[in-house]
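Colleague:
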Amino acid sequence: MPPFVGSTDSQPRPDSNIVTIDVGGQMFQTTKQTLTSSGPKTFFSRIAQAASPYTPFVDRDPELFSLLLSLLRTGNLPSKAKSFDLQDLIIESKFYGIENLLINSFSQLEPFNLQKSLQLPLNGRDSPSAVATTPYGSVHVAHGSKITTFDWSLRRKSTILTHFTAVDSLLALSPELAAAGANDFSGLQILDLEKGHVKETLNWENVTKSGSTVQAIGSSPEQMFVSFESSRRNSNSIIVYDLHSFRPITEIGHNEIYGADIDSAIPATKLQWIEGYNLLMASGSHSGPSGVSGNVRLWDVRSGDIVWEISEKVDCFADVAVSDALSSMFKIGVNSGEAFYVDLRNLSYEKSSWVCLGDKRKLLNAKKEGFGCKIETQGNQVFCTKGGDVELWSEIIMDSSSNNSNNRIFKKNLMGRVQDMGGARITNLAFGGSRMFLTRKDMQCVEVWQSSSREL
Amino acid sequence: MCYILKKINRQDNTSKKIIVVAKMEEESTSHANDRIKLNVGGKLFETTLSTIRSGGPDSLLFALSNRFSNDPNPVFIDRDPEIFSVLLSLLRTNHIPSTARRFSKQELTDEALFYGIDSYLRAATSPPPFSGIDASIVDSVRPASEGLPSTFSAAENGSVWIAHGGQLSSYDWNLIHAATLRTHLDEINSICRVWPEIVAVGSESDAGLHFYNFSGSRHVGSLHWSDPSDPRIFKARVNSITASENSVFASFDCPHRENCILEVDKAKIQIVSQLGRQSGNQAKHMVPGKLTWIPATGVLVGSAVTGGAFGYSGYIRLWDPRSGEVVWETNEPGAGRSSRFGDSFSAIDVDVEKLLLFKLCSKSGDLAMADIRRLGDDPWVYLKEKNPSLVTNGGDGSINSLVHCYKGQVFVGRGGGLEVWSRVQDMAECESDGDGEGLYRRNFVDKREDSEKGVIKKIEGGGDRLFISREDVEGIEVWESSHSAGAISVL
């Protein structure tokens, strides 16, 4: 977008690059390049193509147009836009077909600059059970039998009623489409969140011919992974679906329980695609008389083989997450409440492969400090919740000479201002666009953390 | 060449507009005809004729656009330019811009009325379809004096008439106070809209059915139940009123409990006929405390409930007013499934659109549904509670509960709590039990703190709003669904 093209002639020649537009009675001049930068099929590029001695007239508000023209020129909204309502700008940008430019100007996550800034209230008395985000920053919240969607600007919402009594797993497929499943309801439903109807119901035909409940949903750019368990809880499987047609592609990790060895078939309760390694991380745990035990598996989806597997008996994970950028897998120990990592580049089958991020001395504390803690990665940051607080772990890359080869250094910070600390236990943690979303126990709202400079 | 934006589906309130960019291969002088310059209070505006005419042919703006089409000078309008810019944005985009917040609803309405685009403004400001699963209190309408509402009536356009003390207050679709009239009654206990300006009222403390006109706030007429052959029919009070297209039905009750329903000609305010006269000496001969007219089938539904030391008893009866015959009736206790013995209803309502009867069981607190087209000995389908966390809440269907059907949803007030039973889309296909038990889903509309404000006395929906009055609370609550996220800043 060259800011100066040609002369600033008030009488542009027909072949000039300068385009004059009359918007609601006010004249604007800009260049063809600026107009076409919005994309080939947009309103502006059509105006630019048809540049003529006659001034095109657009019957819209001139003030809003001037803001959007600045957005076209610089990629950012001018500061005077703050005195306008974002909703007006969104409607206007939709009219001109440049809403994506507006979204992009708001979509950079700044992990160290996140502050608790908004609460999105939910109607009714149900607390949120699951949260799903889209990369644009819109968020779907399941509370009770309802799913409420907030658009990327967090200005508009819509609520639909589902068949579930409570949604336990939710995955956003697009701003309008979500996959939802529950631990007590058979089948995965693909829901149209705009119209509120079930687009498709996916079921797993298990051996016992009982219903199939959904334990976890995950997705890669092309595929959707669903962890099913039979209603009788004696078999489970991960089914791979095509993300666009919702046709089943393959089945991996089919388990049947024979006899009393229930540890042999713990269903996966978290599925995460590791793009850089083309692997699917599946983790599941359950509590038994001897404490919590579980396993983490890395699947090669194409071949259906387990690439790596770890069984957890002592200080099993409360939650697991993989960071592609850090090439590491992270867990929170359910007993210790400590965060651990394992480097994906040198996986071993030893139990001690987990390296504690923090203080190792508290490792065998018997209290269930980590129970209910969540861990999520975003870029090369690791966020984990402890009670009502969020910790941010980041790796410090030291100069190689001063560092002994293997140990990586992670340091943590408690997020937020003093007034944001504490509060009810965090039940969900999700990231979308430039924001962090979290829900708390018995709170009928979604908390939004965003950086103050990107405040909407 | 020029680009003209043509707006199609102007009246379509959805934001999806089809925008056609039409190429006009015309001279620059001719396309000026499609544009219009306006000078409003000294500020210049330019827009297209199609925009300015979208308010409809009766509007002032339409008239102005015709008169000056050949005049090169801008049309001068001596009004405030800032409000005009809001209304122009409304005509252009179908949305109220945020700058409208600087003006009160009243100002905007007055100005829209001046330009003749008030219906346009109303379409843009009216709330989205009311959905009980996503509703919140947006407003409270409180009459200035004697603020405890005894009853109220909501209309299709979202306006509401409130009876408080012996006064009647009318609030328009914007919920702005329009008029108050003082009636001769000390308290109004039943109210019904007869015509857009005429209200029928009845009182528990005074005899007769009375008609008042809001324009001019005057008494239009009164009717009393009398029987020349029976001198005991005297000082009968009105218990409930409903209106059909041509008639008003009111249930009258004498001091010695004899009762009947009188059909009144709406236009002449004259008694046409009498139906369902009964002695009132038993629970199943009580005066109907609730009357509902079902336009689709031409049937009048009346019901009565009494609660005593031995539980609840009552009846639901359907009359055909043309013949005066009872079409169907049920008495409780005494009818229904044996397993439901002792669980008679404490409240009923009729979904007149979907032709369903709903009753709330007094003991179990369950909601039951019956199809009016297929009534029989035991037509009730008891709706299943599927949410385990809500089941414990059952067992409270006592006198403080009431049922109201609105927009295909069933609202149940239990004490101070408000819940909604809403139909799940295409649930029927997925459910294997075919009798519709799982068709409806129960959810709370309110928050716990809302339910502590007081016992709900009346629920009524109108114009995508739900109005609620509570015991010993002044004014009525207005609930609306909203697409606005309502984010609260906590910085």
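Here the protein sequences line up with chains A and B, keeping their order. Just so we're aligned, residue 17 is where the first sequence starts under my numbering, counting upward by one. Just so we're aligned, residue 536 is where the second sequence starts under my numbering, counting upward by one. We put the CB at the ideal spot given by N, CA and C, even for glycine. As the structure is a prediction and not an experimental result, all values here were calculated from the model.
1) Near G833(B), what residues of its chain come up, given a Cβ to Cβ distance below 6 Å and the 5 sequence neighbours on each side ignored?
2) Within 10 angstroms of its Cβ, does Y357(A) collect 16 or more other Cβ (buried), or is it exposed?
3) Hey, L296(A) and W315(A): beta-carbon distance below 8 Å or not?
4) Hey, out of S467(A), F447(A), Q239(A), whose CA is closest to G432(A)'s CA?
5) Looking at the unbroken alpha helix (DSSP H) that takes in V621(B), where does it start and where does it end?
6) Use the C-beta contact count for T224(A): other C-beta atoms within 10 angstroms, 16 or more gives buried, fewer gives exposed.
7) Against chain B, with Cβ distances strictly below 8 Å, would F73(A) count as a contact?
8) Give every residue of the same chain whose Cβ lies closer than 8 Å to the Cβ of I265(A), excluding the five residues on either side of it in the sequence, and list them in chain order.
9) Which residues mark the beginning and the end of the beta strand (DSSP E) in which E581(B) is found?
10) Out of curiosity, what's the CA-to-CA distance linking V1030(B) and D884(B)?
11) Any residues in the segment 112-133 of chain A with a beta carbon nearer than 8 Å to a beta carbon of chain B? Which ones, in chain order?
12) For E864(B), which beta-bridge partners are listed by DSSP?
13) In three-state terms, what does DSSP make of M452(A)?
14) With DSSP as the reference, identify every bridge partner of L195(A), one or two as the case may be.
15) Using the three-state DSSP reduction, which class does F44(A) fall into: helix, strand or coil?
16) Considering Cα atoms alone, identify which of A882(B), S858(B), I851(B) is closest to G869(B).
17) Does the count of Cβ pairs from the segment 979-997 of chain B and the segment 130-144 of chain A closer than 8 Å reach three?
18) Below 8 Å on the Cβ atoms is my guess for I571(B) versus S957(B); work out the distance and round it to an integer in Å.
19) Since G91(A) and S123(A) should fall inside the 8 Å C-beta cutoff, what is the C-beta to C-beta distance between them, to a whole number of angstroms?
20) Buried or exposed: where does N629(B) fall if 16 or more other Cβ atoms within 10 Å of its Cβ makes it buried?
21) So is H156(A) in contact with chain B if we call contact Cβ pairs under 8 Å?
22) Note down, in chain order, every chain B residue with its Cβ under 8 Å from the Cβ of T164(A).
23) According to DSSP, I442(A) sits in a beta bridge with which residue or residues?
24) Between the C-alpha atoms of L584(B) and P663(B), what's the straight-line distance to the nearest angstrom?
25) Quick one: which chain A residues come within Cβ less than 8 Å of G859(B)?
26) Nearest chain B C-beta to L379(A) closer than 8 Å, yes or no?
27) Any residues in the segment 1006-1024 of chain B with a beta carbon nearer than 7 Å to a beta carbon of chain A? Which ones, in chain order?
28) Here's the rule: buried if 16 or more other CB atoms are within 10 angstroms of the residue's CB, otherwise exposed. What is G743(B)?
29) G292(A): which of D75(A), A284(A), T71(A), S343(A) sits nearest, CA to CA?
30) For the beta strand (DSSP E) containing D788(B), name the first residue and the last one.
31) Quick one: which chain B residues come within Cβ less than 8 Å of K48(A)?
32) Name the chain A residues whose beta carbon is nearer than 7 Å to that of T582(B)?
33) Short check: CB of S243(A) to CB of N250(A), under 8 Å?
34) Since S174(A) meets chain B, which of its residues come closer than 7 Å, beta carbon to beta carbon?
35) From L85(A), I268(A), M414(A), L430(A), pick the residue whose C-alpha is nearest to that of D38(A); which is it?
36) Helix or strand or just coil, what does DSSP make of R958(B)?
Modeller: According to the structure shown:
1) The residue labelled residue 833(B) in the question sits at position 298 within the second sequence. Result list for G833(B): empty, nothing under 6 Å.
2) For the purposes of this step, residue 357(A) is taken as residue 341 along the first sequence, with counting starting at 1. Buried.
3) Looking up residue 296(A) in the first sequence gives position 280. Looking up residue 315(A) in the first sequence gives position 299. Yes.
4) Within the first sequence, the letter at position 416 stands for residue 432(A). Answer by Cα proximity: S467(A).
5) Position 86 of the second sequence holds residue 621(B). That run of the alpha helix (DSSP H) goes 616-628.
6) If you number the first sequence from 1, residue 224(A) lands on position 208. The residue in question, T224(A), is exposed, as its Cβ has fewer than 16 Cβ neighbours within 10 Å.
7) Position 57 of the first sequence, counted from the start, is the residue given in the question as residue 73(A). For F73(A), the answer is yes, since a Cβ of chain B falls inside 8 Å of its Cβ.
8) As a first step, residue 265(A) must be located in the first sequence, where it is residue number 249. So the list reads Q239, V256, Y257, D258, once near-sequence residues are dropped.
9) As a working note, residue 581(B) is residue 46 in the second sequence. First-last of the beta strand (DSSP E) with E581(B): 578-583.
10) In this structure chain B extends from 536 to 1026, so residue 1030(B) is not present and cannot be described.
11) Q131, K132, S133
12) In the second sequence, counting from the first residue as 1, residue 864(B) sits at position 329. According to DSSP, which records beta bridges pairwise, E864(B) is partnered with R852(B).
13) Your numbering for residue 452(A) matches position 436 in the first sequence. Three-state DSSP puts M452(A) in a strand.
14) Counted from its first residue, the first sequence places residue 195(A) at position 179. Reading off the sequence, residue 195(A) comes out as Ala, not Leu. DSSP lists L187(A), I206(A) as partners of A195(A).
15) Working through the first sequence from its first residue, we reach residue 44(A) at position 28. If DSSP states are grouped into helix, strand and coil, F44(A) belongs with the strands.
16) Within the second sequence, residue 869(B) is the residue found at index 334, counting from 1. Closest option to G869(B), Cα to Cα, is I851(B).
17) yes
18) Against the second sequence, residue 571(B) aligns to sequence position 36. Against the second sequence, residue 957(B) aligns to sequence position 422. That pair is no contact at about 47 Å.
19) Walking along the first sequence from the start, residue 91(A) turns up at place 75. Walking along the first sequence from the start, residue 123(A) turns up at place 107. The pair is not a contact, with the Cβ atoms about 12 Å apart (cut-off 8 Å).
20) Position 94 of the second sequence holds residue 629(B). Classification for N629(B): buried.
21) Here residue 156(A) is taken as the residue at index 140 of the first sequence, counted from 1. Closer than 8 Å: no.
22) As a working note, residue 164(A) is residue 148 in the first sequence. Correct list: D669.
23) On the first sequence, position 426 is the one that residue 442(A) refers to. In DSSP, I442(A) forms a bridge with R456(A).
24) The residue you call residue 584(B) lines up with position 49 of the second sequence. The residue you call residue 663(B) lines up with position 128 of the second sequence. Taking the straight line from one Cα to the other gives about 29 Å.
25) Looking up residue 859(B) in the second sequence gives position 324. None at all; the shortest Cβ gap to chain A is about 42 Å.
26) Residue 379(A) sits at position 363 when you count from the first residue of the first sequence. Residue placement at L379(A) is flagged as unreliable, the pLDDT there being 48, under the threshold of 50; the coordinate-derived value follows with that caveat. No, because no Cβ of chain B sits closer than 8 Å to the Cβ of L379(A).
27) H1018, S1019, A1020, G1021, A1022, I1023, S1024
28) To locate residue 743(B), count along the second sequence from 1; it is residue 208. Per the 10 Å Cβ criterion, buried.
29) In the first sequence, the residue the question calls residue 292(A) occupies position 276. Per the Cα distances, S343(A).
30) Against the second sequence, residue 788(B) aligns to sequence position 253. Run containing D788(B): 782-788, per the beta strand (DSSP E) assignment.
31) One-based indexing of the first sequence puts residue 48(A) at position 32. Neighbours of K48(A) on chain B: none; closest Cβ ~15 Å, over 8 Å.
32) Taking the first residue of the second sequence as position 1, residue 582(B) is located at position 47. Result: G40, D75.
33) What you label residue 243(A) is simply residue 227 of the first sequence in a count that begins at 1. What you label residue 250(A) is simply residue 234 of the first sequence in a count that begins at 1. No, the pair does not count as a contact, with Cβ atoms beyond the cut-off.
34) Residue numbering aside, residue 174(A) sits at position 158 when the first sequence is read from its first letter. Near S174(A) (Cβ distances below 7 Å), the residues of chain B are H1018.
35) Translated into the one-based positions of the first sequence, residue 38(A) becomes position 22. Among L85(A), I268(A), M414(A), L430(A), the Cα nearest to that of D38(A) is on L85(A).
36) Your numbering for residue 958(B) matches position 423 in the second sequence. The answer is strand: DSSP assigns R958(B) an E or B state.
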